[in-house]
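Novice: Pasting a structure below so you can have a look.
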Amino acid sequence: MDDDVLTTLKILIIGESGVGKSSLLLRFTDDTFDPELADTAGQERFRTLTPSYYRGAQGVILVYDVSKRDTFTKLENWLNELETYCTRNDLVKMLVGNKIDKDNREVDRNEGLKFARKHNMLFIEASAKTRDGVQCAFEELVEKILQTPGLWESSIQNHGVQLSDHEQQRQGACGGYCSLV
Ligand SMILES: Nc1nc2c(ncn2[C@@H]2O[C@H](COP(=O)(O)OP(=O)(O)OP(=O)(O)O)[C@@H](O)[C@H]2O)c(=O)[nH]1
Ligand SMILES: [Mg+2]
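Just so we're aligned, residue 197 is where the sequence shown starts under the working numbering, counting upward by one.
Here it is in structure tokens:
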């Protein structure tokens, strides 16, 4: 393990099947996109994994598809599930409206923003296909986690490495990004 590693964070990516959770992760980690991507991880038969999946997470990315209204409508269910299984209530939440490259949009940016504000979440619109907002979504979430006292320190494994104290206020780094927490 690299000695420079400060801490390891557990970040969940949740949301309805097909909204692009795997694609967003793949774009962020590998900078690739597969238009034919089809996986089965979101299927109902894997639901028994739920409690351990949620345990100890410091952050969550809740994804909906801006071209499918039902994926937006079902966000409330995901928040309820989060509340049920999450072991901590200070976890940082990021709402991501994905697939903004598509021209059949069904959910306005303002609706996403309003939902995020109501539920005390960060918000960004994104496209795993075009890269829009993807890096920003992950980075802003991590930054917010690191700014939250008590949320991540306990996961440091005595490496004797300290994060520097200076917090740089970044301005305009993420177009359209709205910090709400
Ligand atoms: N146009 C467009 N298509 C996308 C985007 N993100 C994902 N897709 C496509 O949407 C489909 C579903 O994406 P996945 O990443 O598999 O969705 P998922 O949320 O992981 O789905 P489950 O694992 O079943 O829960 C795939 O065909 C992707 O190529 C995007 O930003 N734009
Ligand atoms: Mg998936």
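Yeah, the Cβ is synthetic: ideal placement off N, Cα and C, and Gly gets one too.
1) Apart from the five residues on each side of it in sequence, which residues of its chain come closer than 8 Å, Cβ to Cβ, to Leu220?
2) Given Leu271, which residues of its chain have a CB within under 7 Å of its CB, disregarding the five upstream and five downstream residues?
3) Flag Gly214 as yes when its Cβ comes closer than 7 Å to any non-hydrogen atom of ligand 1, and as no otherwise.
4) How about Leu318 and Lys289: do their beta carbons lie closer than 8 Å?
5) Cα-Cα, which of Arg301, Leu287, Thr267 and Asp297 is closest to Leu337?
6) Please report how far the alpha carbon of Leu222 lies from the alpha carbon of Phe229, in whole angstroms.
7) Closer than 8 Å, CB to CB, is Phe268 near chain D or not?
8) Unbroken alpha helix (DSSP H) runs of length 4 or more, entirely within the segment 241-286: which are they?
Specialist: On the basis of the supplied data:
1) Ile209, Ile257, Val259, Val292, Asn294, Ala322, Ala324, Val330 and Ala333
2) Leu258, Tyr260 and Phe311
3) Within the cutoff, so yes.
4) yes
5) Leu287
6) 7 Å
7) Looking for chain D here will not work: only one protein chain is present.
8) 246-250, 265-269 and 271-281
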